[in-house]
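Following full-length UniProt numbering, the numbering of the sequence shown begins with 1 at its first residue and continues without gaps.
Yeah, the Cβ is synthetic: ideal placement off N, Cα and C, and Gly gets one too.
This one's a predicted model, so the numbers in the text were calculated from it and none came from an experiment.
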Amino acid sequence: MDLSSCSELNENFERASKKQKTTINFLTSEIDNLIEQVESCKRQIENEGKSITDLGKDVMNQIKNTHTKFQQAHKELHSQFSKFGKTIDRCFPNNEEKLLNEKVKISENIVNQIIGEHLFREGLVDVGAIFEKEAGIRLPEECKQQFIELHAICESLKRRDVEPALNWCNEHIARAKQHDAVDEKELDDLRMLAFQLHKLNFVQLLIQNDSKKAIQYARDNLQPFADKNISEIRFLMGSILYSGRERLIKSERYSCLMDVSQWDNVLKMFKKLGCRRINKPMESPLYVAVNAGYQAIPTLLKLVTVTQNIDIGSSSDQLAVEIDLDDEFQYHSIFSCPISKEPATKDNPPMLLPCNHVLLESSLKKLARNTKFKCPYCPTTGSLSDCKPINL
């Protein structure tokens with residue numbers, strides 16, 4: 001949808017909204033007048049003894065007139081909203097079916113597996129079990145239990161309860177130490193998560209104005225992390241002088257401890273590390289596929305409209321046009337050859353030249369022609385045997 005369409009849609013919405021308000025005010029006024037006339041008739045009959053027949057005719061005529069006005073007002077309002085609806089249809093054409101391509105084969109079983117995994121990942125255990133049965137799939141029991149556990153811990157963190165996450169951390173730290181080849185980075189990440197969880201607990205004690213308990217908690221739980229977090233621990237110790245919610249908020253130096261984003265950051269850290277421990281991506285594949293596809297649809301629709309070609313992505317593993325996605329959907333580095341402008345693929349990888357410049361293998365072969373070649377960006381010469389493929 002372009003800017004002119006947005007402007008047209010906004011103008012039509014404003015007109016429809018204005019018409020709705022004026023119609024409501026008009027109808028309310030008419031109803032109030034009708035009620036007042038009926039009440040007046042009632043008083044005249046009771047107090048003045050006037051004929052109910054004559055007054056009744058006047059009231060019925062007023063009701064008929066009001067009914068006619070209601071019909072006309074409804075007709076005008078419906079006409080305005082009908083125009084607005086047509087504008088919506090024009091600005092948001094329902095032509096996504098143009099992107100359907102029967103030549104592209106998608107495994108129904110894989111799609112069902114992804115949907116089922118998403119349900120268990122979101123903690124929808126009952127729904128996931130029903131879906132498994134109806135779709136005729138069976139997810140590994142271990143996988144389901146792992147997702148259920150991670151979801152339960154995430155929910156506890158949202159409730160400001162760090163104990164389940166701490167228990168999980170301690171368990172996985174012990175497991176990591178048991179391996180013959182200890183992954184030091186993984187161990188450091190687990191310890192950092194544990195430290196951040198203890199820090200949140202410590203801050204909760206400060207907020208409760210329990211300085212004595214906070215000091216003891218720091219000795220028992222923060223001190224073991226002093227080798228890599230001594231500066232932050234010293235900062236936390238200084239905050240004890242400002243224990244209590246109001247004092248922390250007013251403190252220029254320590255008010256940052258009240259920032260609720262700390263909980264969000266720890267939750268994100270746990271989700272990332274938790275999913276990595278079970279060899280799963282942090283975000284649901286279903287979520288990623290749907291949102292990335294949603295961003296790609298406008299560009300692909302324009303391509304289909306211009307070229308009248310629905311064979312998008314059916315002949316290769318690449319689309320015919322570049323799609324700009326948000327940073328959250330960027331998972332791999334992409335190399336584009338400075339000579340051919342083509343992106344690297346498995347069959348055409350980037351090659352490192354002796355001078356440390358990089359070209360695609362196809363471009364390199366054209367330069368070399370089975371002999372020595374000169375780098376197009378510097379005076380260095382070399383041969384194909386001197387070049388090495390780069391894995392991004």
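| query | result |
| --- | --- |
| Out of L55, Q204, K272 and W263, which has the shortest C-alpha to C-alpha gap to S239? | Q204 |
| Quick one: residues in its chain with C-beta nearer than 8 Å to the C-beta of S383, no 5 flanking neighbours on either side, listed in chain order? | A368, T371, K372 and F373 |
| For H118 versus L286, is the C-beta distance shorter than 8 Å? | yes |
| Can you grab the Cα-Cα spacing for the pair V38 / I45, in whole Å? | 11 Å |
| Of all the options F131, E11, N221 and M60, which has the alpha carbon lying nearest to the alpha carbon of Q80? | E11 |
| Quick check on DSSP: helix, strand or coil for P164? | helix |
| Comparing C-alpha positions only, which one of A73, Q113, L77 and P389 sits nearest to N356? | P389 |
| Label R121 either buried or exposed according to how many other C-beta atoms from any shown protein chain fall within 10 Å of its C-beta, with 16 as the threshold for buried. | buried |
| What is the DSSP secondary structure of K158, counted as helix, strand or coil? | helix |
| Just the C-alpha distance for E186 and A176, rounded to the nearest angstrom, thanks. | 8 Å |
| Just to confirm, are A292 and L248 a CB contact at a threshold of 8 Å? | no |
| Buried or exposed: Y294, going by 16 or more other Cβ atoms within 10 Å of its Cβ? | exposed |
| If distances are taken between C-alpha atoms only, which option among Q208, F13 and S340 comes closest to K366? | S340 |
| Any chance you could list the alpha helix (DSSP H) runs of at least 4 consecutive residues sitting entirely within the region 241 to 288, in chain order? | 245 to 250 and 261 to 277 |
| In this structure, what does DSSP give as the bridge partners for K388? | L352 |
| With V358 as the anchor, note down where its beta strand (DSSP E) starts and where it stops. | V358 to L360 |
| Roughly how many whole angstroms lie between the Cα atoms of I52 and S7? | 57 Å |
| Alpha carbons only, please: which of D58, L55, L392 and S82 is nearest the one belonging to K19? | S82 |
| Please go through the same chain and pick out, in chain order, the residues whose beta-carbon is closer than 6 Å to the beta-carbon of I114, but skip the five residues on each side of it. | P285 and L286 |
| Are the region 193 to 203 and the region 262 to 271 touching by the rule of at least three beta carbon pairs closer than 8 Å? | yes |
| With burial defined as no fewer than 16 other Cβ atoms inside 10 Å of the residue's Cβ, what is the status of F92: buried or exposed? | exposed |
| Between the Cα of I207 and those of L359, M258, Q330 and T66, spot the shortest distance and give me the residue it belongs to. | M258 |
| With 16 other CB atoms within 10 Å as the buried threshold, where does T87 fall? | buried |
| On the criterion of 16 or more Cβ atoms from any shown chain inside 10 Å, does V162 qualify as buried, or is it exposed? | buried |
| Report yes or no: do three or more beta-carbon pairs, one from the region 149 to 169 and one from the region 121 to 131, lie closer than 8 Å? | yes |
| Should V260 be labelled buried (16 or more other beta-carbon atoms within 10 Å of its own) or exposed? | exposed |
| Less than 8 Å separating the beta-carbons of C337 and L359? | yes |
| In the DSSP output, which residue or residues are listed as bridge partners for P140? | Answer is none; P140 lacks a bridge partner. |
| Name the two residues that bound the continuous alpha helix (DSSP H) containing E134. | V125 to A135 |
| By the 10 Å Cβ neighbour count, where 16 or more other Cβ atoms means buried, how is L241 classified, buried or exposed? | exposed |
| Using DSSP's beta-bridge definition, name the partner residues of T87. | According to DSSP, which records beta bridges pairwise, T87 is partnered with nothing at all. |
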